[in-house]
Every structure is written in structure tokens, then in C-alpha cells.
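Chains as they are written, first to last, in this note's numbering: chain A, 1 to 185; chain B, 1001 to 1398.
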Amino acid sequence: MSKSQHMEDWWTDCRVSDAVLRTIIWINEATSLSWGRNTHPPFKTQLIGPFDTVQLVWNKIRAVVALYAAAMACTHDQRSPFPTRDDLALAFANENDAACSDPELLPTSVKHILSGNSLVQFPCIIGTLDEFEEECQYVSTLLRDRPKGDWEAYRNSILEGVIEEEGVDFKTMQSRYADHRPSFD
Amino acid sequence: MKIQTPSQQLQSRLLSLPRELRDEIYTYYLQEPGGYVHSPTTNKLRCSDSRTIDFSLMWTCKKVASEMRDLPLRVNEVVFKPFRDIKVSPEGSDIWDAWLQAGKYDLLLGRLHLLQEEMFALAATTHGQSTFVLISHLPIPNAAYGPAIDTTSVTRHISQRHPESCIGDIMARIMKHANEDYVPLATVMGGPQTLTCYDREVIQEILIQLTSHAGFADRLRSRGWFIDILGFLTSRPPLSRSTHLIQWEKRSTAWFRVGKDPVFKAEHDVRYAEQLSLMRLEEMRFIVAKTSWQPWIVATEEEMTRLRDLFETPCPKTWSSYEDNLASLQYFQSAASQAIRFVNMLQTQSRKQMRKIKILEDEKCVALPQCHLRGLLSVSDEAPGLSVDRHVDLWRCV
Chain A
1 MSKSQHMEDW WTDCRVSDAV LRTIIWINEA TSLSWGRNTH PPFKTQLIGP FDTVQLVWNK
61 IRAVVALYAA AMACTHDQRS PFPTRDDLAL AFANENDAAC SDPELLPTSV KHILSGNSLV
121 QFPCIIGTLD EFEEECQYVS TLLRDRPKGD WEAYRNSILE GVIEEEGVDF KTMQSRYADH
181 RPSFD
Chain B
1001 MKIQTPSQQL QSRLLSLPRE LRDEIYTYYL QEPGGYVHSP TTNKLRCSDS RTIDFSLMWT
1061 CKKVASEMRD LPLRVNEVVF KPFRDIKVSP EGSDIWDAWL QAGKYDLLLG RLHLLQEEMF
1121 ALAATTHGQS TFVLISHLPI PNAAYGPAID TTSVTRHISQ RHPESCIGDI MARIMKHANE
1181 DYVPLATVMG GPQTLTCYDR EVIQEILIQL TSHAGFADRL RSRGWFIDIL GFLTSRPPLS
1241 RSTHLIQWEK RSTAWFRVGK DPVFKAEHDV RYAEQLSLMR LEEMRFIVAK TSWQPWIVAT
1301 EEEMTRLRDL FETPCPKTWS SYEDNLASLQ YFQSAASQAI RFVNMLQTQS RKQMRKIKIL
1361 EDEKCVALPQ CHLRGLLSVS DEAPGLSVDR HVDLWRCV
């Protein structure tokens, strides 16, 4: 895909990968509010929208984080292409930054959300902690001892596609913020 | 208006009721369906249907006023929404004057963070040296240097003091490249977006110390690409760099926003790194390391101009291409930043009465809106009964 086509798509379509990355930034910031403190501050962040959108974004985040958790487990057992914790932290760093410098951060955040002990809430069917552990186990079994390319392909398969919602015109919404207009326009 | 004497007040049916009952009456009187809504233009509150709040009962006598004083914020939820500032500039204004504060702040905050991250990486690279100088606060550039300490100690200190932050981990990774001249951030961390505001505060805490060692400015000058991020062209073609220093979108955005690209930068805007004296670089180091902007509070014009002048000639000719778009740019300040602005204006006693804040983020906002709740942490420490509920619209905001 050419660079200008890439930019055009970024402008007209809401890509799953972008939505997931941006939502993860909100999750990380909300999670970090309790760092360095003895108790959780009395803050809640709810990520709201049409039910199907919230559900889709949450499902994708949970799936990506299950992959990270599986990678951690396989690294611990020395059965992943990421030999050390540092390798793991940087494993997906070139993949649009949905990875984090602290590989444990996102899995821990998702577990807190699932157990209702988080400053972040998704008003959709979030599933259970057991289901998440099963998902991690499934990915771990699937990708154990596989090369890095297979891990990346699995991750890309989760994040491909665009999000569409009846009655929501993404391009018009983007146009509200002229400052975000890329230069080709 | 007729003023009642104290003895007449005692005959008041309201004041003859027990205090508990009066409080019930006050509460019933003050409670507004939908709570209060913040008006960003006045930084005051109104009813949710835009009516002004009716405090008539409060003004009946001093005793009632005193009894009701703390109740309005205690019994009503206060709702905050993003704020779009509008500026009408006189014809002929230059682009900097015509640009909205929020837009300028968004750009400069992003650049400041890039600089601080790169400066941190450069300072934390050991360059074959095992020591850095630690000084709590340098009053002026080129101040005397303090006793040297081991970088291992700095890393251990950060990891112990901020165990949740990834900065200790990143420093440890940098130290594994001890024999390299410089360790690009991309090889020790994910993109800049992986850092939280908390992580940036940790960097800020150590940056002035890490960069205080003798010769740092010299090393800075030897780093053409570092100066490039400051906005200067270097003698090295920018596209020939082999290391991918910062995330593409963020960098591109910074360039797009000022309507310039280093490759096509007009000749009269060029200031080469070599033109900078060590003194000037030392001053830059000090400003970048010391500037600690809270993203939820837009910096003053003076603060922004000071930082801007590190990056650019005051009004580069290339900015003129940006001028055509200026009128159509929309900058929103986050709902959380408006909540902070409002509570900071209150007296401590009133702030302590707040019980429920609702923050509706439904616009794309400037200056890392994800972290803006952090600005309310001190308020929640002060008002133990306060709860803050933030709603973030995935379509409109994320």
C-alpha cells in the first residue's frame, strides 16, 4: 500500500488497529492514576459509545492482551521467540506501538477490568477472568515454540479491518478537527 | 429591602425548625435535576437547562446563608464538557498571534516531550563513563557540578521509588549498551505513546540531574539529529538517519502542524547546529529539562514563547503556508481540564464540599487529554467524599 493510500484510509476509515491503540492509551493513563498511591483514587473512566462499537473494541483489546499474556507465559517457559523480558517488552514495538514498555502492564489492567477492580469500565459484555485465562492458554498452546513471524501474524489478524457503525460517519467526524487533517488533503 | 432584626428572625418559622429539618429543606431547595453544568466561557456554574442557579433563599438572612453555604456543591453533581476557544485576530496579525493558545500548546507540549525523551536517552547513555553528576536543582545554567554517582544507583533509586513506572526498566536496558555512543529510544522502549504521564513525571524528576554532567552540551552539539528535533536543520540530511528515533505519526504530525518539512525548509529559516554556542545549548538543556508543563493547564503566552524560540526563528516564513488553514482549525480543551480550572478557582472550603464530578469527554481534545484526570488527584485528596466519573466517547474522542 502506498503512503498516500495509507494516509487516505487513515482519514476515511476507523481502523481497528488505531481504535485499539488509542483506547489502550486511555486505559494505561487511567490505570496509572493509582500508581504511587496507597489507595485507588475515587475515579472511574467509562469508555462509551454504541453498544456494538464498545463490544468490538473491548473484544479486540482483550484478544491482543491475551496474546501478550501468552507471550509472557511462553517466555517464562523459554518457549517463545522472545528470550528475555526485555525482548518481550520490545517484541511488538514496531507494530504501531500497541505494545508497552512494561509487558505486564496491559495484562494486569485487563485482569483488573474483568474482576471489577479497575478505574476503567467498558459498558458491554466483558466476559470473565476464567474466560480470559482460557483465551491466554489457547493462544499460548497455539503459538508456543513458533517463530516471531507467527506471533506477529496472529496479532495482525486480530487488528485487521475497520469499524463501522450505522449512523456514524467517521470522515465527517474527523473533519470537525481540521488540525488532524493530513497534508495530502 | 426591609432588614429584619435578630429578634424578628427568631420568629421565622424556618428558623424555629430544628437544624436537621432546615438542612432537609435547604437540600430540597438546592437540588437541581441534572445537577449543575459548568460554563467554560465564564468558568461558573449554571443549571442543566441553562438557567442561572437560584440562591434567593440564601440571601434572606445571614444565618440561612451561613447554614446553606456549603450545600450547593455537596448536593449537586457538577458536569463538565470540553471547551472550544474562539479567537478573533485583527487583520494583519502574524500566524503566532492568530493561532489559538490551545493549538500552540498542543504543538509545543508534543515537542517538549520529544526533546525530554531524547535528552533522557542521550544523558542515560553511559558513553563509556560510569558516572553522572547528581544535583537537586541548578539555579542557573553552567552552575557548579556536584559529586558524581553511579548510574546503577540512579536506576535502582528510580525502580524503588517508582516501581510501577517503566523508566527504571528503560534505564536498565540503556545500561546494557554501555559501550555504545548513543542508544536510540526505539531500541529500549516502544514508541513515545507507551509512556504514561506518570512516566514522564519520573523522567522530569531525574532529567535535570542526569544532564548536569560536564560536557553534556558538547555531546548535544555533536548530535546533529538531536538539534534537528529542536527544529533546526543539521548538516546531515535528515532522511539519511538509520535509526527510527520517534514514532512516525507523532513526528509527521509535528511537522504538518507547522507546515514545514525539514527537507523543503526555506533557506532563510535555517539555523545550523554549528551556529549554536555551548552557552546557548546549555541554556536550551536547562529550559527543556526544567520545563514541567502539566498537560491539563495551558501554558501562558510567555512560557510558550520561551519554548518556541528554542525551536524556530520567531516567525518562520514557511509558516505562511499554514496561515490559510488557521481559521478552520478547531481546538478543544478537555472536559477534565475545565474541571481542574473550575476547582482551582474555588476556595479550599468550597472545594472540600464537592461530592460528584461528571466529566463528559466527547470531542478530540488537545494536549494528551487521556492523562488530564491526574490534575484532579490533589483535589480528591483534599475532598475525601468526592467521586469523579469520566465518560469517554469512543467515536468522537478516541
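We put the beta carbon where it would ideally sit given N, CA and C, even for glycine.
Secondary structure of residue i, DSSP reduced to three states
i       : result
L1307/B : helix
C1061/B : coil
T45/A   : strand
I126/A  : coil
E1091/B : coil
S1387/B : strand
R15/A   : strand
K1352/B : helix
K1176/B : coil
L1360/B : strand
Q78/A   : coil
V120/A  : strand
V1392/B : strand
L1030/B : helix
P1018/B : coil
A1299/B : coil
G1168/B : helix
R1111/B : helix
W35/A   : coil
W1293/B : coil
7 Å Cβ cutoff, residue i in contact with chain A
i       : result
D956/B  : Lying outside 1001 to 1398, the shown extent of chain B, residue 956/B is not represented and no answer is given.
E1164/B : yes
T1196/B : yes
D1362/B : no
W1293/B : no
S1089/B : no
H1391/B : yes
V1343/B : no
W1296/B : no
W1395/B : yes
V1078/B : no
S1334/B : no
R1173/B : yes
V1487/B : With chain B covering only 1001 through 1398, there is no way to say anything about residue 1487/B.
Exposure of residue i, with buried meaning 16 or more beta-carbon neighbours within 10 Å
i       : result
L105/A  : buried
L33/A   : buried
H40/A   : exposed
S118/A  : buried
P1295/B : buried
R1161/B : exposed
T1211/B : buried
M1110/B : Checking the sequence, you will find Gly at residue 1110/B rather than Met. Buried, by the Cβ-count rule.
E1361/B : buried
K1062/B : exposed
I125/A  : exposed
V1076/B : Note that residue 1076/B is Asn in the sequence shown here, rather than Val. Result: buried.
W26/A   : buried
V1202/B : buried
V1088/B : exposed
Contact with chain B by residue i, beta-carbon distance below 7 Å
i      : result
S109/A : no
Q46/A  : yes
D130/A : no
P61/A  : Residue 61/A is actually Ile in this sequence, not Pro. By this cut-off, I61/A is not an interface position.
R155/A : no
W58/A  : no
W151/A : no
N117/A : no
G49/A  : yes
T172/A : no
R22/A  : yes
P81/A  : no
F43/A  : yes
V168/A : yes
DSSP bridge partner residues for residue i (one or two, in chain order)
i       : result
Y1036/B : C1047/B and V1078/B
F973/B  : This structure cannot speak to residue 973/B, because chain B is shown only from 1001 to 1398.
I163/A  : C14/A
Notebook entry, point to check: So does the segment 64-73 of chain A actually touch the segment 35-46 of chain A, counting three or more Cβ pairs closer than 8 Å?
Noted result: No, because fewer than three Cβ pairs between the segment 64-73 of chain A and the segment 35-46 of chain A fall closer than 8 Å, the two stretches do not touch.
Notebook entry, point to check: Just checking, does the segment 1335-1345 of chain B make contact with the segment 1070-1084 of chain B on the three C-beta pairs under 8 Å criterion?
Noted result: Taking 8 Å as the limit for Cβ pairs, the verdict is that the segment 1070-1084 of chain B does touch the segment 1335-1345 of chain B.
Next item on the list: Determine contact between the segment 1087-1099 of chain B and the segment 1341-1357 of chain B, defined as no fewer than three beta-carbon pairs at a distance below 8 Å.
Entry: No, the segment 1087-1099 of chain B is not in contact with the segment 1341-1357 of chain B.
Note to self: Counting only Cβ-Cβ distances shorter than 7 Å, please list the residues of the segment 1370-1383 of chain B near chain D, keeping chain order.
What the structure shows: Protein chains A and B are contained in the structure displayed, whereas chain D is not.
Next item on the list: Determine contact between the segment 1038-1047 of chain B and the segment 1008-1022 of chain B, defined as no fewer than three beta-carbon pairs at a distance below 8 Å.
Entry: By the C-beta criterion, the segment 1038-1047 of chain B is judged not to be in contact with the segment 1008-1022 of chain B, since fewer than 3 inter-stretch pairs fall below 8 Å.
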